[in-house]
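The structure under discussion appears below in the form of structure tokens.
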């Protein structure tokens with residue numbers, strides 16, 4: 038593995054299998070029009086030559102049509118009920134689900150019934166039982182299901198993964214990761230905010246941001262957890278239902294140990310580090326979208342920090358999904374992949390409640 | 038807390054209470070003449086204006102006298118037996134114990150019987166029971182006992198601690214630390230190497246290097262562990278008695294979570310990071326002696342990395358001890374302080390054996 042190759046072509050879309058000019062764009066029904074959709078997803082879909090945001094789905098016709106009017110390529114603005122009723126079903130090929138976690142399953146059920154492929158935001162659902170149902174519904178209908186882990190197509194993370202796979206760090210021994218932000222400084226402290234509602238979210242900091250270091254650790258190591266433990270805490274009243282902060286440990290195969298931290302109360306920070314017998318690879322900042330990535334590597338006596346161009350992570354993710362929908366290559370972050378995180382995160386909560394390590398099957 | 042003050046006087050000896058010109062130097066009996074003593078401790082004692090390496094103690098008269106002949110200020114080279122017999126006891130005021138862990142107690146017993154102050158390498162002993170005896174022996178004799186935590190007088194760590202205490206990071210929320218090196222690449226893989234011998238060492242990577250992130254976390258937070266868990270592993274045959282690698286988690290008061298890693302098999306790395314509600318302070322590299330420290334701070338939108346001049350850590354430590362021996366100020370890393378680490382480390386081993394969190398009293 039030559040670092041020079043990374044420097045020269047750090048953002049290569051090595052996952053591409055289909056020439057976008059040779060296929061029709063994937064037309065999306067976008068379900069849920071919150072700030073993330075409007076600020077991140079729709080602009081990316083607008084820039085994509087592989088995707089189109091054809092149908093926008095929200096709680097009211099007025100809102101859906103208003104957003105559709107502002108979105109190039111959007112031909113329909115419909116309600117959630119209309120979506121379930123099959124309105125405009127010929128106008129989209131796939132659905133992108135960005136609703137509260139506990140509503141994912143019902144939209145996947147409808148999409149699967151209509152034969153539509155699914156890109157579903159993470160975490161998959163509010164608990165692993167519903168996540169398993171979600172996976173099964175898609176599989177039974179024979180539609181593609183991808184869980185929206187944008188780190189899998191973040192160039193800095195892909196390059197780090199290639200370095201690890203090529204033996205740059207020797208045998209991996211440990212991985213540490215963290216993601217924190219002051220959520221209450223960023224959002225309206227509205228008690229209806231679904232992320233703070235255990236029924237709708239399923240979990241707090243762990244489900245919302247702890248999933249980044251957890252899943253990215255799995256992705257970088259190409260390995261799944263054997264056992265976990267952890268602690269959760271909450272300081273502010275807004276987090277009376279879900280964890281504001283989580284610290285958790287993950288045992289991976291081959292005695293590789295992971296240590297992760299996520300907090301909605303700590304200063305913004307994000308990073309992930311793999312240390313091996315021979316070297317170290319770190320991506321920092323790692324997980325927030327509005328920062329250029331830095332890839333820090335060390336081996337032998339040398340150290341280097343490579344600034345990786347800031348890509349539109351949502352564009353990369355949508356285009357990867359469209360490539361897989363239009364081509365024959367397998368999706369990496371499928372339902373089985375997402376379910377591993379769901380079970381690991383539930384086990385962290387069980388561990389926090391029992392002061393134990395919880396083995397995973 | 039102004040960063041500019043740190044930049045201007047990063048290595049200030051703010052712990053000094055006694056003018057060295059006003060007192061006699063502290064004359065040491067140095068017990069154990071291994072590579073660390075010869076390469077690190079004796080050169081530092083030679084440079085100190087507060088200390089003198091008067092008596093050198095080793096397994097044979099020949100070796101002790103040979104090293105004494107090469108050491109300015111050394112007037113005696115004697116054997117361990119001769120030390121216990123009181124040979125040259127008028128030629129030293131204090132002892133510095135740098136033998137295998139399991140031998141610390143016997144030298145403290147003799148030093149205490151002679152009324153000599155004690156600087157004892159960490160970890161205090163091979164187990165907490167003997168460490169408690171060691172503490173009690175010194176206390177009963179009324180001699181000073183300091184455990185040799187050189188991070189307590191490392192300027193970068195002291196400055197980081199001041200920043201944390203002054204609220205620079207807001208409320209501390211997490212601390213992460215690691216220390217690794219490839220021990221078998223550095224030492225003769227001699228099966229008699231005491232660090233690999235459970236009877237002599239008491240523990241492996243945790244006792245030898247994991248104690249750095251553990252103790253420095255305590256020092257930076259000014260807090261002691263409430264509970265710990267962890268895992269240990271060994272890859273090489275040389276580590277069939279003690280852990281080659283340890284990953285451990287520490288719960289501190291106020292729901293501050295610590296995550297630490299230490300390995301004698303991973304690539305050299307060392308660092309410690311405190312993240313709070315408002316900012317972050319990191320020292321990296323942190324624990325190895327032959328590197329200039331970097332103090333990385335962030336708060337608000339700003340980030341800065343300050344290179345702190347490389348000091349002779351052993352000189353700082355010896356001079357601090359001498360200052361406390363000659364003056365009236367209290368020693369910070371005393372026997373009670375060291376015993377907390379011993380009990381926490383034993384609890385990590387118990388946790389690793391039982392897959393539990395182990396509470397500490």
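Residue numbers (our numbering), protein chains in the order written: chain B, 38 to 398; chain L, 38 to 398. By construction, the Cβ of each residue, glycine as well, lies at the ideal position given by its N, Cα and C atoms. Computed from a predicted structure; not experimentally measured.
Residue environment, residue 49 of chain B, which counts as buried when at least 16 other CB atoms sit within 10 Å: Walking along the first chain from the start, residue 49 of chain B turns up at place 12. Counting Cβ neighbours within 10 Å, residue 49 of chain B comes out exposed, since fewer than 16 surround it.
Alpha helix (DSSP H) segments (min. 4 residues) lying fully within the segment 201-263 of chain L: 220-223, 235-238, 248-258
C-beta neighbour in chain B for residue 298 of chain L, strict 8 Å: For the purposes of this step, residue 298 of chain L is taken as the residue at position 261 of the second chain. Flagged as an interface residue toward chain B: residue 298 of chain L, by a C-beta distance shorter than 8 Å.
Helix, strand or coil at residue 163 of chain B according to DSSP, with G and I counted as helix: Residue 163 of chain B sits at position 126 when you count from the first residue of the first chain. Coil, per DSSP.
Neighbour flag for residue 315 of chain B against chain L, beta carbons, 8 Å: The residue given as residue 315 of chain B occupies position 278 in the first chain. So, interface residue.
Sequence-distant residues of the same chain with beta carbon closer than 7 Å to residue 169 of chain L, five excluded per side: Walking along the second chain from the start, residue 169 of chain L turns up at place 132. Closer than 7 Å at the Cβ level, and outside the excluded window around residue 169 of chain L, lie 376.
Below-8 Å beta-carbon distance, residue 252 of chain B vs any chain L residue: For this step, residue 252 of chain B is matched to residue 215 along the first chain. No, its Cβ sits nowhere closer than 8 Å to a Cβ of chain L.
Alpha-carbon to alpha-carbon, residue 116 of chain L and residue 261 of chain L: Indexing the second chain from 1 puts residue 261 of chain L at position 224. Indexing the second chain from 1 puts residue 116 of chain L at position 79. Rounded to the nearest angstrom, the two C-alpha atoms are 39 Å apart.
Option in L/154, L/258, L/199, L/314 with minimal Cα separation from residue 372 of chain L: As a position in the second chain, residue 372 of chain L is number 335, starting the count at 1. When only C-alpha atoms are compared, the closest one is L/154.
Alpha-carbon spacing of residue 294 of chain L relative to residue 318 of chain L, whole angstroms: Here residue 294 of chain L corresponds to residue number 257 of the second chain, with the count starting at 1. Here residue 318 of chain L corresponds to residue number 281 of the second chain, with the count starting at 1. Roughly 15 Å between the two C-alpha positions.
Spatially closest choice to residue 137 of chain L from L/190, L/127, L/245, by CA coordinates: Stepping through the second chain from its first residue, residue 137 of chain L is reached at position 100. It is L/245 whose Cα lies nearest to the Cα of residue 137 of chain L.
Residue environment, residue 66 of chain L, which counts as buried when at least 16 other CB atoms sit within 10 Å: As a first step, residue 66 of chain L must be located in the second chain, where it is residue number 29. Answer is buried; the Cβ neighbour count reaches 16.
Contact set for residue 87 of chain B: own chain, Cβ-Cβ below 6 Å, skip 5 residues either direction: As a position in the first chain, residue 87 of chain B is number 50, starting the count at 1. Result list for residue 87 of chain B: 57, 62, 356, 359, in chain order.
For residue 70 of chain L and residue 95 of chain L, believed in contact at Cβ under 8 Å, the rounded distance: In the second chain, counting from the first residue as 1, residue 95 of chain L sits at position 58. In the second chain, counting from the first residue as 1, residue 70 of chain L sits at position 33. Their Cβ separation, rounded to whole angstroms, is 4 Å, which keeps residue 95 of chain L and residue 70 of chain L in contact under 8 Å.
Proximity below 8 Å, CB of residue 215 of chain L to CB of residue 250 of chain L: Taking the first residue of the second chain as position 1, residue 215 of chain L is located at position 178. Taking the first residue of the second chain as position 1, residue 250 of chain L is located at position 213. Yes; because the gap between Cβ atoms is below 8 Å, this pair is in contact.
DSSP three-state assignment for residue 315 of chain B, whether helix, strand or coil: Locating residue 315 of chain B in the first chain gives position 278, counting from the first residue. Looking at residue 315 of chain B - three-state DSSP - the assignment turns out to be coil, as it is neither helix nor strand.
Limits of the unbroken beta strand (DSSP E) element including residue 333 of chain B: Indexing the first chain from 1 puts residue 333 of chain B at position 296. Note, residue 333 of chain B: beta strand (DSSP E), 330-336.
Presumed contact (8 Å Cβ cut-off) between residue 151 of chain L and residue 172 of chain L, rounded CB distance: To locate residue 151 of chain L, count along the second chain from 1; it is residue 114. To locate residue 172 of chain L, count along the second chain from 1; it is residue 135. So it is not a contact: roughly 18 Å between Cβ atoms.
Proximity test, Cβ basis, 8 Å: residue 344 of chain L and chain B: Indexing the second chain from 1 puts residue 344 of chain L at position 307. Using a CB distance cut-off of 8 Å, residue 344 of chain L does not count as an interface residue toward chain B.
Contacts around residue 239 of chain B, its chain only, beta-carbon distance under 6 Å, and the 5 residues preceding and following it disregarded: Locating residue 239 of chain B in the first chain gives position 202, counting from the first residue. Once the five neighbours on either side are set aside, the close Cβ partners of residue 239 of chain B are 138, 163, 164.
Those residues which DSSP pairs with residue 15 of chain B across a bridge: Nothing can be reported for residue 15 of chain B: it is not among the residues displayed for chain B, which extend from 38 to 398.
Per-residue burial, residue 54 of chain B [other beta carbons within 10 Å of its own, 16 or more giving buried]: Stepping through the first chain from its first residue, residue 54 of chain B is reached at position 17. When all chains shown are included, residue 54 of chain B counts as exposed.
Residue of B/292, B/338, B/241, B/378 minimising C-alpha distance to residue 185 of chain B: As a first step, residue 185 of chain B is located in the first chain; it is residue number 148 there, counting from the start. Measuring from the Cα of residue 185 of chain B, the nearest candidate turns out to be B/378.
Candidates B/147, B/149, B/177, B/187, of which the one nearest residue 158 of chain B by Cα: Numbered from its first residue, the first chain carries residue 158 of chain B at position 121. It is B/187.
Continuous beta strand (DSSP E) stretch holding residue 282 of chain B: start and end: On the first chain, residue 282 of chain B is found 245 positions in, with the first residue counted as 1. Taken as a continuous stretch (DSSP letters only), the beta strand (DSSP E) holding residue 282 of chain B covers 282-289.
Contact with chain B by residue 340 of chain L, beta-carbon distance below 8 Å: Taking the second chain and counting its residues from 1, one reaches residue 340 of chain L at position 303. By this cut-off, residue 340 of chain L is not an interface position.
Rounded separation between residue 247 of chain L and residue 323 of chain L - CA only: On the second chain, position 210 is the one that residue 247 of chain L refers to. On the second chain, position 286 is the one that residue 323 of chain L refers to. About 13 Å.
Beta-carbon proximity of residue 385 of chain B to residue 283 of chain B, cut-off 8 Å: Here residue 385 of chain B refers to the residue found at position 348 when the first chain is read from its first residue. Here residue 283 of chain B refers to the residue found at position 246 when the first chain is read from its first residue. Yes. Within cutoff.
Counterpart residues of residue 399 of chain B in DSSP-defined beta bridges: Since the first and last residues shown for chain B are 38 and 398, residue 399 of chain B lies out of range.
Between the CA atoms of residue 41 of chain B and residue 203 of chain B - distance to the nearest angstrom: One-based indexing of the first chain puts residue 203 of chain B at position 166. One-based indexing of the first chain puts residue 41 of chain B at position 4. Using only the alpha carbons, I get a separation of about 14 Å.
Residue from B/167, B/178, B/300 with nearest C-alpha to residue 237 of chain B: To locate residue 237 of chain B, count along the first chain from 1; it is residue 200. Of the listed residues, the one whose Cα sits closest to residue 237 of chain B is B/167.
Coil, strand or helix - residue 154 of chain L by DSSP: Within the second chain, numbered from 1, the residue matching residue 154 of chain L stands at position 117. The DSSP-derived three-state label of residue 154 of chain L is strand.
Best match in B/118, B/285, B/242 for proximity to residue 277 of chain B [C-alpha to C-alpha]: Residue mapping note: residue 277 of chain B aligns to position 240 of the first chain, counting from 1. The shortest C-alpha separation from residue 277 of chain B is found at B/242.
Closest residue to residue 230 of chain B among B/198, B/306, B/275, B/370 (Cα-Cα distance): Position 193 of the first chain, counted from the start, is the residue given in the question as residue 230 of chain B. Of the listed residues, the one whose Cα sits closest to residue 230 of chain B is B/275.
Chain L contact residues for residue 392 of chain B, given Cβ-Cβ distances below 7 Å: Counted from its first residue, the first chain places residue 392 of chain B at position 355. By Cβ distance, chain L contributes 393, 394.
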